[in-house]
Amino acid sequence: MAYENNLKKSYATMLKRYEYQENAQSLQKLHKLLPELDRAYIAEPTYAKDLDDLESLKLIYET
């Protein structure tokens, strides 16, 4: 039983580490992408919403 609990904890730690690495890579991509996006289309509602979503995602990854 202790072996199974330790194994589960190890897998949980591994998954957290993987998620952290994925988030770090995504944050790096967002840091490159966001400055390249054209803000001239901000009046387009769908574009503005998507841009806001990307900015929010960046904040989530930074915290």
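Quick note on our numbering: the sequence shown kicks off at 2 and runs consecutively. Ideal Cβ placement from N, Cα and C applies to all residues, glycine included. Computed from a predicted model, the values in this text were never measured in an experiment.
{"Query": "Assumed close pair Ile43, Leu52 - CB separation to whole angstroms, cut-off 8 Å", "Result": "7 Å"}
{"Query": "Inside the segment 19-63 only - alpha helix (DSSP H) runs reaching at least 4 residues", "Result": "46-63"}
{"Query": "Contact belief for Lys59 with Leu35 at Cβ below 8 Å, rounded distance in angstroms", "Result": "7 Å"}
{"Query": "Cut-off 8 Å between Cβ atoms - residues of its own chain near Tyr38, not counting five sequence neighbours on either side", "Result": "Residue 38 is actually Leu in this sequence, not Tyr. Once the five neighbours on either side are set aside, the close Cβ partners of Leu38 are Leu52 and Leu55."}
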